[in-house]
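Here is the structure we will look at.
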Amino acid sequence: MGELLLCSHGLASVPYYVESIALNVYSLEELCYFLKENIDLIEPSFMDRELAGWVETELHMPDLAKSLYEKIQGGARLSEFIEVLVSGCSYCSREELEKMQQALTDFENKSETECRKIRADRLLLKKRYDAAISEYTRLLNSAEVRGILSGNVYHNLGTAYAGLFFFEEAAASYAKAFERNQNPLSKQQQKIALQLAKGAIPRSKAKEAETDMTPELLERWKEAYLKSCR
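Heads up, the sequence shown is in the working numbering, so the first residue is 7 and it goes up one at a time.
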């Protein structure tokens, strides 16, 4: 995971499998790290008895497991369940915990479609383009997403593809966006994405291209393009 974690409790002999990102975790600290970094991917289904059972039998933390069971049985909110779980170790600061709770609170009392849109948009802003593409694709498969809303989702899907330099896919998404939302920005981004897909340099960048090409220059172009997409 790219970070050395100091575990105050023993490691599990059997890992807990986090299905949303296909990850095995072996300690409470590792699970808290996952939550802190991926809170926008957490859904209500995360709050289940299997997780509480793993905490009890594999981490040997019966008191924490009991509290988790009580939250599940009492129909607690996901943010409350996460607070109990994360408070079981000292990995996250109070400020980090409050930030996670706020992120989860934003999803409460909203439809599944609204939650997915919020989740996808947050992933896009964090430049987690692969995850954003996955969420936008799931959204577009929903019967509730149609008309202007589907156009806006396609626009953001195009921006996610552009973030990965998949300009042909970006152009196709922007085209579908314009068909549905008639937003001139979607049409404009489609044209630019088509140019970039053909290897053409945006007109405003032609002067810069006279200098030596560097990764830093390419990154600046990419950032400027993505900003114009939003």
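No residue lacks a Cβ here, since even glycine has one placed at the ideal position from N, Cα and C.
- The C-alpha of Phe40 is placed about 37 Å away from the C-alpha of Phe184.
- If you look at Tyr97, you'll find it isn't in any beta strand (DSSP E); DSSP assigns it neither H nor E.
- At a Cβ-Cβ threshold of 8 Å, Gly164 and Asn189 do not count as neighbours.
- Within the DSSP bridge table, the entry for Asn158 names no partner.
- Taking the Cα positions, Lys116 is about 13 Å away from Leu84.
- Val61 sits in a helix when the DSSP states are folded into three classes.
- Closest option to Gly94, judged by alpha-carbon separation, among Leu74, Gln108, Gly80: Leu74.
- In chain order, Ala109, Arg125, Arg128, Leu129 place their CB closer than 7 Å to the CB of Asp46, counting only its own chain and leaving out the 5 sequence neighbours on each side.
- When secondary structure is reduced to three states using DSSP, Leu131 falls in the helix class.
- Only exposed fits Lys133, as fewer than 16 other CB atoms lie within 10 angstroms of its CB.
- Bridge pairing for Leu29: Val24 [DSSP].
- Within the same chain, Ser156, Val159, Tyr160, Leu163 come within 8 Å of Leu146 by CB-CB distance, once the 5 residues on both sides are set aside.
- DSSP places Lys193 in the helix class (H, G or I) of the three-state scheme.
- Per the coordinates, the alpha-carbon of Ala178 lies some 7 Å from the alpha-carbon of Gln196.
- Less than 8 Å separates the beta-carbon of Tyr22 from that of Leu57.
- Counting other Cβ atoms within 10 Å of its Cβ, Val151 reaches 16 or more and is therefore classed as buried.
- In the three-state DSSP reduction, Val151 falls in the coil class, being neither helix nor strand.
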